[in-house]
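Numbering (this note's numbering), first residue to last: 2 to 249.
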């Protein structure tokens with residue numbers, strides 16, 4: 002495993018805590034299979050936490066903080082009503098925008114409920130906790146912004162068979178995109194040129210995996226995750242080639 006597993010874990014944990022009993026994207030209540038997948042993800046998270054930080058203290062803080070965080074969030078966002086609104090309103094841009102306007106400010110406010118959770122996950126790094134915590138928080142805000150933009154287009158796409166099919170494709174092939182062992186133990190804020198090169202390679206690899214998907218949402222999702230990492234590492238992942246005088 003590598004430290005990027007922890008990064009994807011925090012986004013998954015936050016997403017899971019926001020899931021309603023009715024399922025945001027169709028498909029009914031949480032199944033035994035999805036519960037098993039979450040248990041496996043938590044075990045993998047603990048293993049990665051110990052491997053990277055040398056302790057399971059961050060894992061234990063994360064787990065102990067989840068229930069209070071979800072309870073706090075429930076005071077800001079009625080997830081059951083949110084899910085019901087998504088499924089009951091006419092599927093038009095105007096109807097989705099009304100839902101976005103109603104819930105998205107509360108979603109952004111609810112991120113503060115997860116401060117202790119994010120601190121726990123940040124403790125699973127080998128970097129400064131406050132730095133990594135800020136990185137995770139920005140990822141989550143990016144994901145919320147993505148969910149809320151374009152009249153909630155992501156919410157619409159996420160309910161399609163094509164979106165789920167792409168997810169299975171990414172899960173089956175994403176291992177080849179992980180960063181190399183060379184920078185596995187290097188703090189993100191100290192990646193340097195070598196680490197930035199690896200991060201760029203990983204991002205390019207993932208974009209190649211999702212380029213065959215009919216849904217473009219995954220490229221936006223991975224951009225929302227990678228950009229805070231790049232900012233923390235002071236990497237430029239989207240450098241445009243310089244235009245010389247002869248090319249003008």
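Glycine included, every Cβ here is placed at the ideal spot set by N, Cα and C.
Cβ-based neighbour list, residue i, same chain, cut-off 7 Å, excluding 5 preceding and 5 following
i: residue 145; result: 105, 108, 109
i: residue 187; result: 196
i: residue 134; result: 119, 120, 123
i: residue 162; result: none
i: residue 149; result: 101, 105
i: residue 56; result: none
i: residue 251; result: As displayed, the chain neither begins before 2 nor continues past 249, which places residue 251 out of reach and without an answer.
i: residue 138; result: 112, 119
8 Å CB neighbourhood of residue i in its chain, flanking five on each side removed
i: residue 208; result: 220, 223
i: residue 157; result: 92, 97
i: residue 68; result: none
i: residue 131; result: 123
Residue j beta carbon less than 7 Å from that of residue i
i: residue 238; j: residue 204; result: yes
i: residue 101; j: residue 153; result: yes
i: residue 167; j: residue 206; result: no
i: residue 225; j: residue 143; result: yes
i: residue 89; j: residue 164; result: no
i: residue 171; j: residue 141; result: no
i: residue 233; j: residue 189; result: yes
i: residue 54; j: residue 125; result: yes
i: residue 114; j: residue 50; result: no
Inter-residue Cα distance where the pair is residue i and residue j
i: residue 235; j: residue 178; result: 20 Å
i: residue 87; j: residue 176; result: 33 Å
i: residue 75; j: residue 194; result: 43 Å
i: residue 181; j: residue 201; result: 12 Å
i: residue 66; j: residue 116; result: 9 Å
i: residue 94; j: residue 228; result: 28 Å
i: residue 210; j: residue 160; result: 20 Å
i: residue 52; j: residue 78; result: 35 Å
i: residue 40; j: residue 63; result: 14 Å
i: residue 169; j: residue 212; result: 14 Å
i: residue 267; j: residue 174; result: The structure shown has nothing for residue 267, since the chain only spans 2 to 249.
i: residue 43; j: residue 127; result: 19 Å
i: residue 99; j: residue 151; result: 12 Å
Residue i in three-state terms, based on DSSP
i: residue 26; result: Because the pLDDT at residue 26 is just 37, under 50, the model does not fix this residue reliably, and the point stays unresolved.
i: residue 150; result: coil
i: residue 54; result: helix
i: residue 79; result: coil
i: residue 234; result: helix
i: residue 129; result: coil
i: residue 197; result: helix
i: residue 214; result: coil
i: residue 179; result: coil
i: residue 69; result: helix
i: residue 192; result: coil
i: residue 107; result: helix
i: residue 86; result: helix
i: residue 160; result: coil
i: residue 186; result: coil
i: residue 93; result: coil
Residues near residue i in its chain [Cβ-Cβ closer than 6 Å; skip 5 each side]
i: residue 192; result: 234
i: residue 136; result: 229, 233
i: residue 218; result: 155, 158
Cutoff 7 Å: residue i Cβ touching any chain B Cβ
i: residue 45; result: Of the protein chains in this structure there is only one, and it is not chain B.
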